[in-house]
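Peer 1: There's a structure below that I have some questions on.
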Ligand code: MSP
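Right, dumping it as structure tokens:
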């Protein structure tokens, strides 16, 4: 089965290149699955797509891990990268190229790029004095540290003092600001662009681009004592993989990239440093950088030491690639963080896949076999239900196109599921089992079977970018042969006596309690095998105990947030206007790092209403909004409706 071959032009999409510092987890998988869905969608629409992914193999962190394991860095990365490639193969990720930064094609091109930037006068030698975060491979100045730690990951930083080469990043400050101002689509979501604009406005310092205290990296061509800073090495992958500068055929065809899909914490590198490097090389800039959110566990980051890393391979082996991809794309909103739990995942798989889609396929194929001898009959009647089904069916594709233009994968799938659910409801409305009892209703029964087969055919096309193996299974069962053509999702008249063969259930129903227990047991076994102590039931570290009388003094009220904005004089504070009953008041909270003001408006929140007022940086705060610590971040204490949804 192939996709549409007509070309609407080129489309170049990239994922970040992953650090092979350990096996990839569900968070990395999330990014690659999104990129794969876009690549497949664009190909289906007729674009000539180039989809690049790869691994970022140099740097101090990798060298240190290899040393600990007693192998060479190359031996270490070779093993992990083989695992990365295996994972993408298992998941049938449709990348066109996989670049490793240790490959000769990359190494020589990075050196050529360094030379070009040097010839441009953008590189000079100096002394680096500051701080370095090894896990993030990031340089920080004293003033950028937060509580003496890395502002990105919160981990300790090391003092660095060494002779180094610098890139004149400061020279490009105005052009980068202009880029954000003149081209608001360059960096999405908007909140990330605003953050980056603020960052640039505070002043860009020249960037240290070489290290001389370790050697696992690409040599600086003009000074072999130094290796090139791993981020400069890594960012160039997007053009070295296209052959820049010595083999320009692919480069000329696909550059500039349409989209760099990256996680929110590396937006800074992609939207400031990368454009500046391209400006130095006099090359066009990528059309868009998209910063996606993080998948969190228990409200915090996944980490090996906490034993909460979710292994995609375990989930794929149990539920299949399409169920996992569907969940990742349907559950989370692009750009926002989301919490991963096995329970939410299993419920989605049962409700949306086994119940909705799986049932539709098995009911339809079983009925066509039973009532029509396995051949899709002609449609010769029409009533309001038939018309409604047909009009909904052909209306989904244009909506999906709009959703995909905004990278709103969850919305696209929701729109497709409107049709899946409509088709199931159509069966209940038409009651084919009753029509089958009345020979006079044969034509109506045939129409019903025909329309269901049409609906399934359209669904099989619509889901292709997200669940291509399910597309194939459905098409096999309904006898839809030939290429998958996007335009065919706009038509309701293509089924023509196709041969239907009922197959196995495409998504078997899961026993959620049993699955939860087995996933838990598997996790424990994996942790034991990896020699990681599973931390269980560790008492919380709390403030001193209080009495009931202390507690009883607090007057809790429910308030609605009318507005929220940053405190003009304090980065960490948000100023809220809150309504309780008819009273409106101003309350200030130190949660600017955890919440975006625009996300807070309209939320219902619990307020400590009788707290003594006080002034915070010149503004009065009357009361306190309730937030609680998960251990990693703070969450808002809000009100919950009877159906379990958050009232906001
Ligand atoms: N090597 C750099 C990228 C260089 S690109 C020129 C790097 N690698 S990484 O392996 O640490 O992260 C790669 C990507 O995975 C990042 O975009 C990051 O946001 C993403 N994720 C890692 N953990 C994640 C989650 N828990 N959730 C979602 N994505 C996360 O940074």
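Residue numbers (my numbering): 11 to 658.
Yeah, the Cβ is synthetic: ideal placement off N, Cα and C, and Gly gets one too.
What is the residue span of the alpha helix (DSSP H) that residue 680 lies within?
Peer 2: The structure shown has nothing for residue 680, since the chain only spans 11 to 658.
Peer 1: In the DSSP output, which residue or residues are listed as bridge partners for residue 146?
Peer 2: Per DSSP, none; premise fails for residue 146.
Peer 1: Determine whether the beta carbon atoms of residue 251 and residue 552 lie at a separation below 8 Å.
Peer 2: No, they are not a contact pair.
Peer 1: Beta carbon of residue 38: closer than 7 Å to some heavy atom of ligand 1?
Peer 2: Indeed, a heavy atom of ligand 1 lies less than 7 Å from the Cβ.
Peer 1: Along the chain, where does the beta strand (DSSP E) that runs through residue 590 open and close?
Peer 2: Its beta strand (DSSP E) spans residues 580 to 590.
Peer 1: Please tell me whether, using a cut-off of 7 Å, the distance from the CB of residue 247 to the nearest non-hydrogen atom of ligand 1 is below it.
Peer 2: Checking the Cβ of residue 247 against ligand 1 gives yes.
Peer 1: Do you know how far the Cα of residue 441 is from the Cα of residue 430?
Peer 2: About 17 Å.
Peer 1: Quick check: is the beta carbon of residue 593 nearer than 8 Å to any beta carbon in chain E?
Peer 2: Among the chains in the structure shown there is no chain E, since it carries only a single protein chain.
Peer 1: Would you report the Cα separation of residue 144 and residue 209, rounded to the nearest angstrom?
Peer 2: One C-alpha to the other measures close to 21 Å.
Peer 1: Take residue 459 and list the residues in its own chain whose beta-carbon comes closer than 8 Å to its own, dropping the five residues that flank it on each side.
Peer 2: Counting only Cβ-Cβ distances below 8 Å, and skipping sequence neighbours, we find 374, 377, 378, 381, 382, 386, 387 and 442.
Peer 1: Taking the alpha carbon of residue 403 as the reference point, which residue from 468, 25 and 562 has its own alpha carbon closest?
Peer 2: That would be 468, whose Cα lies nearest to the Cα of residue 403.
Peer 1: Considering only their Cβ atoms, is the gap separating residue 214 from residue 474 smaller than 8 Å?
Peer 2: Not closer than 8 Å, so no.
Peer 1: Which two residues bound the contiguous beta strand (DSSP E) that contains residue 596?
Peer 2: From DSSP, the beta strand (DSSP E) with residue 596 extends over 593 to 599.
Peer 1: Looking at the structure shown, is residue 112 part of a helix, part of a strand, or coil, going by DSSP?
Peer 2: Residue 112 falls in the coil class under three-state DSSP.
Peer 1: Comparing C-alpha positions only, which one of 151, 21, 337 and 264 sits nearest to residue 423?
Peer 2: It is 337.
Peer 1: Could you tell me which of 463, 516 and 510 sits nearest to residue 504, measuring between CA atoms?
Peer 2: If we check each option's Cα against that of residue 504, 463 comes out closest.
Peer 1: Identify the continuous beta strand (DSSP E) that holds residue 177 and give its terminal residues.
Peer 2: 168 to 177 is the span of the beta strand (DSSP E), which, as asked, contains residue 177.
Peer 1: Given a cut-off of 8 Å on the beta-carbon distance, is the pair residue 35 and residue 319 in contact?
Peer 2: For residue 35 and residue 319, yes; Cβs fall inside 8 Å.
Peer 1: Could you check what DSSP says for residue 4 in three-state terms: helix, strand or coil?
Peer 2: Residue 4 falls outside the range modelled here, since the chain spans only 11 to 658, and no answer is possible.
Peer 1: Pairs of beta-carbons, one from the region 141 to 156 and one from the region 100 to 112, closer than 8 Å: are there three or more?
Peer 2: The region 141 to 156 vs the region 100 to 112: no contact.
Peer 1: So does residue 117 have its beta carbon nearer than 7 Å to some heavy atom of ligand 1?
Peer 2: Flag unset: Cβ of residue 117 not near ligand 1.
Peer 1: Leaving out five residues before and five after residue 18 in sequence, what residues of the same chain have Cβ atoms less than 6 Å from its Cβ?
Peer 2: These residues qualify, in order along the chain: 56 and 57.
Peer 1: Enumerated in chain order, which unbroken segments of the alpha helix (DSSP H) with a length of 4 residues or greater are wholly contained in the region 238 to 287?
Peer 2: Runs found: 240 to 245, 247 to 250 and 258 to 264.
Peer 1: Pull the bridge partners of residue 61 from the DSSP assignment, please.
Peer 2: Note: residue 61 sits in a beta bridge opposite 23.
Peer 1: In this structure, how does DSSP classify residue 701 when only helix, strand and coil are distinguished?
Peer 2: No statement about residue 701 is possible, as the shown extent of the chain runs from 11 to 658 and does not include it.
Peer 1: What residues match up with residue 329 in a beta bridge as DSSP calls it?
Peer 2: BP columns for residue 329 are empty, so no partner.
Peer 1: Rounded to a whole number of angstroms, what is the C-alpha to C-alpha distance between residue 222 and residue 175?
Peer 2: Rounded to whole angstroms, residue 222 to residue 175 spans 10 Å at the Cα level.
Peer 1: Is the region 276 to 287 touching the region 305 to 313, taking contact as three or more C-beta pairs under 8 Å?
Peer 2: The region 276 to 287, when compared against the region 305 to 313, does not touch it at the 8 Å Cβ threshold.
Peer 1: Buried or exposed for residue 286, please, with buried defined as at least 16 other CB atoms from any protein chain shown within 10 angstroms of its CB.
Peer 2: Buried.
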